[in-house]
Structure formats: C-alpha cells, structure tokens
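Heads up: the structure comes next, in structure tokens.
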Amino acid sequence: MDNIYLVQRTFQYDYIYFDAVFLIIWIAVLIYKKEHRALLFAVAVSPLIYFIDAYVWWNSKIGDTYVREYWINGVQVPHPVGNYFVTKFGADFMMTISYSLFTFAWIWIFFKYFRSNKTIIPIKYAILWLSFWIFTPALSIMAKINDSTVYAVRHMQSQYFIWILATIISYFVLAFVYKKEKVIVLKLFCAGFVAVIIMEFPLFVFNIRQMGFKILIFDGFFMINQAIPALYIFYDKVLMKRFNFPKNIFPI
Numbered sequence: 113m114d115n116i117y118l119v120q121r122t123f124q125y126d127y128i129y130f131d132a133v134f135l136i137i138w139i140a141v142l143i144y145k146k147e148h149r150a151l152l153f154a155v156a157v158s159p160l161i162y163f164i165d166a167y168v169w170w171n172s173k174i175g176d177t178y179v180r181e182y183w184i185n186g187v188q189v190p191h192p193v194g195n196y197f198v199t200k201f202g203a204d205f206m207m208t209i210s211y212s213l214f215t216f217a218w219i220w221i222f223f224k225y226f227r228s229n230k231t232i233i234p235i236k237y238a239i240l241w242l243s244f245w246i247f248t249p250a251l252s253i254m255a256k257i258n259d260s261t262v263y264a265v266r267h268m269q270s271q272y273f274i275w276i277l278a279t280i281i282s283y284f285v286l287a288f289v290y291k292k293e294k295v296i297v298l299k300l301f302c303a304g305f306v307a308v309i310i311m312e313f314p315l316f317v318f319n320i321r322q323m324g325f326k327i328l329i330f331d332g333f334f335m336i337n338q339a340i341p342a343l344y345i346f347y348d349k350v351l352m353k354r355f356n357f358p359k360n361i362f363p364i
C-alpha cells in the first residue's frame with residue numbers, strides 16, 4: 113500500500129545541474145516573450161516556498177526526526193547542516209526556487225489568458241515546461257557528470273490535513289467571489305491539477321519519486337490547488353483591477 117505521508121525523491125546530483133540549465137532557458141523564453149509579470153510573480157513567490165521547505169520544515173521536529181531530511185551520497189545531512197550547507201542548498205534550490213520559477217510563472221500565464229481566446233498560450237508553455245522536466249532526468253541518467261545520490265524525504269503527516277482543509281475553504285471562497293462565473297472555478301482547479309501533473313509525472317516515470325498512481329492524483333487535487341484561489345483573487349481583484357499592476361513597470 114502506498115505510504116501517502118512519506119514523500120521520497122532519489123536522484124543524482126547532476127540532475128540539479130541540468131535543471132539549472134533548463135531554468136535559465138525558461139527564464140530567457142519568458143523575457144523574450146515579454147512575460148515579465150509572470151517572471152516577477154514567480155520570483156516573488158519562490159522565497160516563501162524556499163523558507164517553508166528549507167527552513168521551517170527542515171527545523172520542524174516530528175517524533176524523533178524532522179519533517180524534511182536529506183541523505184547525500186549515502187550520508188545523512190545533519191541538523192544543523194554545518195559543512196553540508198552548500199551541497200544541501202543546491203538540492204533545496206532545485207526543489208523550491210526552481211520549482212517555483214517554473215510553476216508560478218506558468219500559473220500567472222494561465223491567469224492572464226484563460227478567460228480570453230488565447231488559451232493556446234498557456235498550453236504551449238505547459239508543453240515546454242513538461243519537455244524540460246522530462247529531459248532533465250533523462251540527461252542526468254545519461255551524462256554521468258556527478259552521480260552522487262540525493263535521497264530527499266518529507267514526512268507529511270502534519271501537513272496533508274492542512275492541504276485538504278485549505279483547498280476546500282479556498283474553493284468555497286472562490287465560488288462565492290465568482291458566483292456568476294462558476295466555470296472560472298472549474299478551470300482554475302484544472303490548472304492547479306495540470307501544474308502538479310507536470311511537476312510530478314516526470315518524477316513518476318523516471319522513478320525519482322517513489323509513489324503510486326493514487327498519490328499522484330492526490331497531489332494533483334491538493335498540492336497547488338490549496339493556493340490557486342487566493343492567488344487568482346489577488347491577481348484579478350487586487351493587482352489587475354485595483355492597482356492595474358502599473359504598465360510603466362512591466363508592460364504586457
């Protein structure tokens with residue numbers, strides 16, 4: 113039976129190198145296509161994701177261990193990290209900052225276009241993102257640049273109830289705010305689901321994250337969707353309508 117509470121990832125350290133290369137390309141594409149706001153949004157969100165994962169969870173006890181743990185090249189990274197700071201930071205950067213710069217930039221692009229006749233644009237970006245994240249583990253397996261094994265663990269017993277509750281409450285609020293446009297609720301939920309599948313499917317295929325199909329679907333329902341309603345309300349009702357996210361800063 114799948115242990116839904118134990119989130120495990122096993123990959124070679126050069127996975128981080130290839131991820132960084134594709135991240136640079138992703139950022140370059142966003143800049144070239146003048147999706148500056150999407151990039152700025154992702155940059156703003158990424159430190160929060162890093163803080164939660166690499167600091168709060170890393171330092172949060174759960175029983176006789178911590179919510180977040182690492183083994184790198186067979187050695188458990190200690191708490192505090194000491195001489196492992198740089199090595200751990202590389203893994204943290206890939207799993208928080210890089211994830212955020214891909215995911216939340218795409219979410220902004222979806223927000224921007226899904227109510228227009230340009231829905232093909234977020235679809236194209238989703239395909240590009242998924243392609244990068246399939247090539248990353250494939251190249252890591254083939255390249256043999258740094259085969260040091262990274263084993264990352266999150267013990268999520270204390271987190272999943274919060275995910276579920278936050279998702280339910282958030283979508284009730286979203287449905288109330290957009291009660292005359294219920295299709296928005298469904299489309300945003302689908303966007304949150306798709307974002308997680310793009311993130312997790314390559315890990316599933318390459319056996320980087322040891323999980324079953326049920327866990328993949330569970331994550332699709334709740335991982336990003338707990339935040340999507342609040343982010344969209346902030347985007348639509350605050351940034352776009354109240355402040356118009358000044359065009360003199362970043363023109364569309």
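Mapping of the sequence shown onto our numbering: residues 113 to 364, in sequence order. All residues carry an ideal CB built from backbone N, CA and C; glycine is no exception. Note that the structure is a prediction, hence the values are computed from the model and not measured.
Would you say residue i and residue j are within 8 Å of each other, going by their C-beta atoms?
{"i": "S210", "j": "Q124", "result": "no"}
{"i": "F130", "j": "T248", "result": "yes"}
{"i": "T365", "j": "Y263", "result": "In the structure displayed, the chain extends from 113 to 364; residue 365 sits before or after that span and is not available."}
{"i": "A287", "j": "I219", "result": "no"}
{"i": "F305", "j": "G332", "result": "yes"}
{"i": "L135", "j": "L213", "result": "yes"}
{"i": "A238", "j": "I329", "result": "no"}
{"i": "Q269", "j": "I174", "result": "yes"}
{"i": "N229", "j": "T279", "result": "no"}
Identify, in the order they occur along the chain, each residue of the same chain with its Cβ nearer than 7 Å to the Cβ of residue i, setting aside the five sequence neighbours on each side.
{"i": "Y162", "result": "D204, T208, I209"}
{"i": "F223", "result": "Y344, Y347"}
Out of curiosity, what's the CA-to-CA distance linking residue i and residue j?
{"i": "F226", "j": "H191", "result": "44 Å"}
{"i": "K291", "j": "Y347", "result": "17 Å"}
{"i": "F318", "j": "A250", "result": "8 Å"}
{"i": "L142", "j": "A150", "result": "8 Å"}
{"i": "S172", "j": "E312", "result": "24 Å"}
{"i": "P234", "j": "F153", "result": "16 Å"}
{"i": "T199", "j": "K236", "result": "34 Å"}
{"i": "E147", "j": "V289", "result": "27 Å"}
{"i": "F232", "j": "G194", "result": "The sequence shown places Ile at residue 232, rather than the Phe named in the question. Looking at the two C-alpha atoms, the distance is approximately 47 Å."}
{"i": "V187", "j": "Y144", "result": "42 Å"}
{"i": "K256", "j": "V155", "result": "31 Å"}
Considering Cα atoms alone, identify which of the options is closest to residue i.
{"i": "V308", "options": "A339, N171, V285", "result": "A339"}
{"i": "F216", "options": "V317, L298, W138", "result": "W138"}
{"i": "W241", "options": "I257, I221, G175, V187", "result": "I221"}
{"i": "P314", "options": "D176, V297, V155, F244", "result": "F244"}
{"i": "W275", "options": "K294, F334, A238", "result": "F334"}
{"i": "V133", "options": "M206, G194, R321", "result": "M206"}
{"i": "I184", "options": "W170, W169, Y196", "result": "Y196"}
{"i": "I246", "options": "D176, I320, W170, Y167", "result": "I320"}
If I'm right that residue i touches residue j with Cβ under 8 Å, what's the distance once you round it to whole angstroms?
{"i": "H267", "j": "V179", "result": "5 Å"}
{"i": "V297", "j": "Y283", "result": "6 Å"}
{"i": "I281", "j": "G202", "result": "About 36 Å; that fails the 8 Å criterion."}
Leaving out the 5 sequence neighbours to the left and right, which residues in its chain are closer than 8 Å to residue i when beta-carbon positions are compared?
{"i": "D259", "result": "Q124, Y125, D126"}
Output needed for residue i: all residues of its chain with C-beta closer than 6 Å, excluding positions within five of it in sequence on either side, in chain order.
{"i": "L300", "result": "I340, Y344"}
{"i": "Q322", "result": "Q120"}
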